[in-house]
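K.L.:
Numbering follows full-length UniProt numbering, with no gaps: position 46 of the sequence shown is 46.
Cβ atoms here follow ideal geometry from the backbone N, Cα and C, with glycine treated the same way.
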Amino acid sequence: MELGDFFPLEAIVPSLRANSKKQVLLELAARAGSVTGLSDRAIFDALVQRERLGTTGVGHGIAIPHAEVPGLTQMIGVFARMERPIDFGATDDQTVDLIFVLLTPIGYGADHLKALAMIARALQDVRLTAKLRATSDPAALWALLAHAENSSDAA
Numbered sequence: 001m002e003l004g005d006f007f008p009l010e011a012i013v014p015s016l017r018a019n020s021k022k023q024v025l026l027e028l029a030a031r032a033g034s035v036t037g038l039s040d041r042a043i044f045d046a047l048v049q050r051e052r053l054g055t056t057g058v059g060h061g062i063a064i065p066h067a068e069v070p071g072l073t074q075m076i077g078v079f080a081r082m083e084r085p086i087d088f089g090a091t092d093d094q095t096v097d098l099i100f101v102l103l104t105p106i107g108y109g110a111d112h113l114k115a116l117a118m119i120a121r122a123l124q125d126v127r128l129t130a131k132l133r134a135t136s137d138p139a140a141l142w143a144l145l146a147h148a149e150n151s152s153d154a155a
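And the structure:
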């Protein structure tokens, strides 16, 4: 399993303009809805419900909102690079400019955790996060994500 397997090109948002965490979640739920064919509202509600348990702003300008979504048949990710960083209630109080949404079907607990770990591990590579911040082309962003595991393994 690689990041590119569940972050399809059409789920890459190279320059998201939003002013609040809620607006970000609405926009990314809409993108996920268009990719999966599921209700934007159901996806948004699942993300908000998870966010109520604790922030998914993990620090260093990164957030990883994630949730199990009823009706989803396979794991899907949505990546957004913010046009301007926003307050996401991150654990280090820094604003967030890179957002990785992970959605999984109900009952995919082990795969959900593996995918979260994979995302977190890849994002420890400061070279990768610098490239993600410097790139605005959707295909180039997807390529960085698709090869993130390989490049961080080689480092």
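Starting from R81, trace the beta strand (DSSP E) both ways and give me its first and last residue.
P.N.:
That run of the beta strand (DSSP E) goes I76 to I86.
K.L.:
Do G54 and A63 come within 7 Å of each other at the CB atom, strictly closer than that value?
P.N.:
no
K.L.:
Compare the Cα-Cα distances from V96 to each of L3, V24, I12 and D5 and report the closest residue.
P.N.:
Nearest in C-alpha terms to V96, of all of L3, V24, I12 and D5, is V24.
K.L.:
Rounded to whole angstroms, how far is the Cβ of R50 from the Cβ of H60, which I believe are closer than 8 Å?
P.N.:
The beta-carbon separation of R50 and H60, rounded to 20 Å, does not stay under the 8 Å limit for a contact.
K.L.:
Please report the distance separating the alpha-carbon of A130 from that of A32.
P.N.:
25 Å
K.L.:
How should V126 be labelled, buried or exposed, when 16 other C-beta atoms within 10 angstroms of its C-beta is the threshold for buried?
P.N.:
exposed
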